[in-house]
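Below you'll find the structure, written out as structure tokens, and then a few comments.
2 protein chains.
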Amino acid sequence: MSESKIPYKIYLSEDEVPKAWYNLRADMKNKPAPLLNPGTLRPMTAEELAPVFCEELVKQELDDTTQYIDIPQEIRDFYRMFRPSPLVRAYCLEEKLKTPAKIYYKFEGNNTSGSHKLNSAIAQAYYAKKQGLKGVTTETGAGQWGTALSMACSYFGLDCKVFMVKVSYEQKPFRREVMRTYGASVVPSPSETTNVGRKILAEFPGTTGSLGCAISEAVEVATSSEGYRYVLGSVLNQVLLHQSVIGLEAKAAMEKYNVKPDIIIGCAGGGSNLGGLIGPFMGEKLRGEADYRIIAVEPASCPSFTRGTYAYDFCDTGMICPLAKMYTLGSSFIPSANHAGGLRFHGMSSTLSQLYHDGYMEATSVEQISVFEAAEQFARVEGILPAPESSHAIRVAIDEALKCRETGEEKTILFGLTGTGYFDLVAYEKFHNGEMSDYIPTDEEIAASIARLPKVE
Amino acid sequence: MSESKIPYKIYLSEDEVPKAWYNLRADMKNKPAPLLNPGTLRPMTAEELAPVFCEELVKQELDDTTQYIDIPQEIRDFYRMFRPSPLVRAYCLEEKLKTPAKIYYKFEGNNTSGSHKLNSAIAQAYYAKKQGLKGVTTETGAGQWGTALSMACSYFGLDCKVFMVKVSYEQKPFRREVMRTYGASVVPSPSETTNVGRKILAEFPGTTGSLGCAISEAVEVATSSEGYRYVLGSVLNQVLLHQSVIGLEAKAAMEKYNVKPDIIIGCAGGGSNLGGLIGPFMGEKLRGEADYRIIAVEPASCPSFTRGTYAYDFCDTGMICPLAKMYTLGSSFIPSANHAGGLRFHGMSSTLSQLYHDGYMEATSVEQISVFEAAEQFARVEGILPAPESSHAIRVAIDEALKCRETGEEKTILFGLTGTGYFDLVAYEKFHNGEMSDYIPTDEEIAASIARLPKVE
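Protein chains in written order, with numbering that gives the first Met the number 0: chain V, 0 to 456; chain H, 0 to 456.
This is the structure we're talking about:
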């Protein structure tokens, strides 16, 4: 590796933390379809959303015309703790792959939540505080979002109640302890503390919980407690808005060195990091100012873009939340328990779904073992232990770089490295021991859950 | 928190990664006492050290006159992946403590080894590679050093054999899996792969291992295998030399903003991070160019500076390594198993011991529960989950800042934040559950192990 004009890590200064979020929807001709009230099947109004979400966040959720929304100074102050995040030129990986491609990654893992989730958690906590609320509730699976939210609430002195899927609460105690360090109360779900929890426990006494059930409990507590609201870490428009700092910084850092990506790659679960990373680039593409290949990478075990259908569906398995139009496998689809990473959500952000539907981006799916092979290859030369989720993007970035080796093209590749894998070592252990397997759902399985989609005229 | 001239994080540019290590011993009038051959009780010669350590490292170990030693370009290239590390102004902590003190910390945890250990691991791996060796061996307890070394060996394509204390291998599988991700072979110690391991297993079939035993196995394999040497992550002069990058960067970053610390604080186990952080500052003090209060913080459960004696002792509990003159509790001293952090070494680096003996630095000891209280307080406002080891320094930094609140003095405090606590969540859990206790050895216990020190005239 030789010294080069472009440093290994490009750090913007703290003054260059974005001053406004970029609202991708403002540049879309075909706006993402609105959330529907599951009872009336009419678009959800601000009034209907207000008992669940904070006022300012409802506004952001429904605003599809304002291009830039100012980031309050208090949030920018917090961002300064871990932003701007580095844009890294992967010199060592390029050398290892013997590729003429130039590979960059935006690394969002250098904060204690270990992921990009903190970008939206701090914004949501701020607006809750500003509204004079006492606290917020949320659900968490493995705990990435819950960790980020507990850090954000601790900073603003808000109470934070996290319903954690019981099986994760018991088997993955470490993120739980990080949340407790930040003062959050973490309740295994289903719990005896809510009506819905008691009902589920009475019906299924041995249940180890599900994300759908945890959502139901969190929403119940938020809507029935004075001074509480519910917050969510992905899928929603507001979350993509907050995550736009990833793309804004990446673009600014590249422009400093006159670099333009040819290909932009991100892993896709609910779509929050992908939407954030590609946002400002996609904006240019929508406005006809530039062209980029944009690739969403999803796990072959949960392939909503590549094998799902574009339709209205519930966001939660409990079917209590509004309906969203999205690429979905059906809210009753259950990804293989063997799948180690996140990215297990059955649907995809409405915004990204619309863009994919309109042909502005590609999607591909990758299998688990090849994802861990990419993760290990990356870790060994770049020195970062990547999260399994992020490693889906690494897999495709490596594949594209290898294609360049074949063709001799010097393409510039940018991908999102959303987080670290410190809490995923049980999965790495399985991989090392040859105990990991790939699971790809059959056409029949997917058809069966899609057949159960709600009927929306 | 208001915008200030001094940013939250001070990043030097990659060109400012130090070009030479600073060798503190060159500025010491009273040089640290030499290692002694345990057989002859004469100073170890380069020839005697060569079968165990790499040639270039033996030179560095014995060199107490060269003030600066060039850092080879290959090591600087690797340093660029995670260095310069940020110097952080702890604005949020200051505000929380309502102190007029200005608090800075040098954060060494933003790399996958999670600690400062990588600074020396990459240097030691480089010299092994340069000497044409096939690989290196080492021991590791909880796995921090082993992780750093496996990353370094992976980068240079060296084989890496880590003997991991059996109880940690079984109970703390996560760092083991990080090491395996980097291609290291990790062997639970004692093992059937060495003479000393087999002997110990025959004698104590149920043993869960010890660091001393793991050292013995690693040294045996290094000295009996063609093309292998043994490497060590703390205590040695060469390690303090490599770690001087911490202090050099901290000093350069502070000088950019015309800041001079009044108090410099570091946690102290074997002394590697403390020696690195204080190195260049201590140099100025030794040369009479500046004055600083320098405080070593050790756990009350393993208080080698504050309650040990200054004498020749074995570095390992197996008593096979050379004798070092140091503040020691005796190599037979066993710290309480309850103590969660590292810093469990019975002795202290010879260099630091001499400086402490000559009155150039202070030492203090702190109890475990108060350390975790400081860790939690720090995490909640500064957003970093600190390692228990690092939190010893945080405890004293907070205490000094609170004294400033009493007196109104605007002192500038610098401390070393050596690593993250992602792999220490079992200890955090104990703390949250009120199951943590403090253990302070009795005078009788310490006297008993000191009575067993080797007799050196």
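Every residue gets a Cβ at the ideal spot worked out from N, C-alpha and C, and that includes glycine. Only a predicted model underlies this, so the values are computations on that prediction, with no experimental measurement involved.
query = Taking DSSP as the reference, what is the three-state secondary structure of VAL463(V)?
reply = For chain V, the structure presents residues 0 to 456; residue 463(V) sits outside this window and is missing.
task = Go to ASP423(H), then tell me how far its alpha helix (DSSP H) extends in each direction, as first and last residue.
result = Taken as a continuous stretch (DSSP letters only), ASP423(H) belongs to no alpha helix (DSSP H), as it is neither H nor E.
message = Counting only Cβ pairs nearer than 8 Å, list the residues of chain H close to HIS431(V).
response = GLU176, ARG179, THR180
For PRO260(V), the nearest candidate out of GLU55(V), MET80(V), TYR104(V), LEU424(V) (CA to CA) = TYR104(V)
inquiry  = My output table needs one value for MET150(V): the three-state DSSP class, helix, strand or coil.
reply    = helix
request  = Going by DSSP, name the residue or residues bridged to TRP20(V).
outcome  = ILE68(V)
task = For the region 28-100 of chain V, list the alpha helix (DSSP H) runs that are entirely contained and at least 4 residues long, ordered along the chain.
result = 45-48, 54-61, 72-78, 90-96
ask   = Tell me, which residues are paired with TYR355(H) by DSSP?
value = In DSSP, TYR355(H) forms no bridge with anything.
task = Please report the Cβ distance between ALA362(H) and ILE397(H), rounded to the nearest whole angstrom; I am assuming they are in contact, meaning their Cβ atoms lie under 8 Å.
result = Between ILE397(H) and ALA362(H) the Cβ distance is about 18 Å, and since that is not below 8 Å, they are no contact.
inquiry  = Cβ closer than 7 Å: which chain V residues qualify as neighbours of SER153(H)?
reply    = ARG379
inquiry  = Please report whether the beta-carbon of LEU96(V) lies at a distance below 8 Å from any beta-carbon of chain H.
reply    = no
inquiry  = For GLU13(H) and GLY346(V), what's the separation of their Cα atoms in angstroms?
reply    = 42 Å
request  = List the residues of chain H whose Cβ lies closer than 8 Å to the Cβ of MET163(V), in chain order.
outcome  = Ordered by position in chain H, no residue passes the 8 Å Cβ test against MET163(V), which lies about 14 Å from the chain.
query = By the 10 Å Cβ neighbour count, where 16 or more other Cβ atoms means buried, how is ALA399(H) classified, buried or exposed?
reply = Here the sequence assigns Glu to residue 399(H), which means Ala is not the residue at that position. Classification of GLU399(H): buried, given that the 10 Å Cβ count is 16 or more.
request  = Output the residue ranges of the alpha helix (DSSP H) runs that lie fully inside the region 327-391 of chain H and measure 4 residues or longer, sorted by chain position.
outcome  = 349-356, 367-381
task = Could you tell me the distance, in whole angstroms, from the CA atom of ALA446(H) to the CA atom of GLN353(H)?
result = 22 Å
query = Excluding sequence positions up to five away, which residues of its chain have a Cβ less than 6 Å from the Cβ of ASP158(H)?
reply = LYS133, GLY134
query = Roughly how many angstroms separate the alpha carbons of SER1(V) and TYR90(V), rounded to a whole number?
reply = Any reading at SER1(V) is ruled out, since the residue's pLDDT is 40, under 50, leaving its predicted position unreliable.
query = Tell me the DSSP bridge mates of GLU107(V)?
reply = Its beta-bridge partners do not exist; DSSP assigns none.
query = What residues of chain H sit near GLU375(V), judged by a beta carbon separation below 8 Å?
reply = THR180
ask   = beta strand (DSSP E) containing LYS160(V): first to last residue?
value = 158-164
message = Starting from ARG175(V), trace the alpha helix (DSSP H) in both directions and tell me its first and last residue.
response = 172-180
ask   = So which residues on chain H does PHE81(V) lean against when the C-beta distance must stay under 7 Å?
value = GLY382
request  = Please list the partners that THR139(V) has in chain H, where partner means a Cβ-to-Cβ separation under 8 Å.
outcome  = The premise fails here: THR139(V) is roughly 16 Å from chain H at the closest Cβ pair, so nothing lies under 8 Å.
task = For VAL195(V), name the three-state secondary structure that DSSP assigns.
result = helix
query = If we ignore side chains and look at the alpha-carbon of each, how far apart do GLU73(V) and VAL220(V) end up?
reply = 27 Å
ask   = Using Cβ-Cβ distances below 7 Å, what residues of the region 41-60 of chain V are close to chain C?
value = No chain C is part of this structure, whose protein chains are labelled V and H.
key: Host alpha helix (DSSP H) of ILE5(V) (start-end)   = Premise fails: ILE5(V) is in no alpha helix (DSSP H) and is neither H nor E.
query = To the nearest angstrom, how far is it from the Cα of GLU434(H) to the Cα of LEU384(V)?
reply = 32 Å
ask   = Does the beta-carbon distance from GLY382(H) to ASP315(H) come in below 8 Å?
value = no
task = For MET150(V), go through chain H and note every residue whose CB falls closer than 7 Å to its CB, in chain order.
result = GLY382
task = Over the uninterrupted alpha helix (DSSP H) stretch that includes PRO515(V), give me the two end residues.
result = Since the first residue shown for chain V is 0 and the last is 456, residue 515(V) is missing from the structure and cannot be characterised.
query = Is the shortest distance between the beta-carbon of PHE173(H) and the beta-carbons of chain V less than 8 Å?
reply = yes
key: Rounded distance between the beta-carbons of HIS338(V) and VAL365(V), thought under 8 Å   = In fact, because the Cβ distance is near 12 Å, the residues do not count as touching under 8 Å.
task = Check the Cβ of ILE7(V) against every Cβ in chain H and list those closer than 7 Å, keeping chain order.
result = Here residue 7(V) turns out to be Tyr, not Ile, going by the sequence shown. Simply GLU13, ARG79, MET80.
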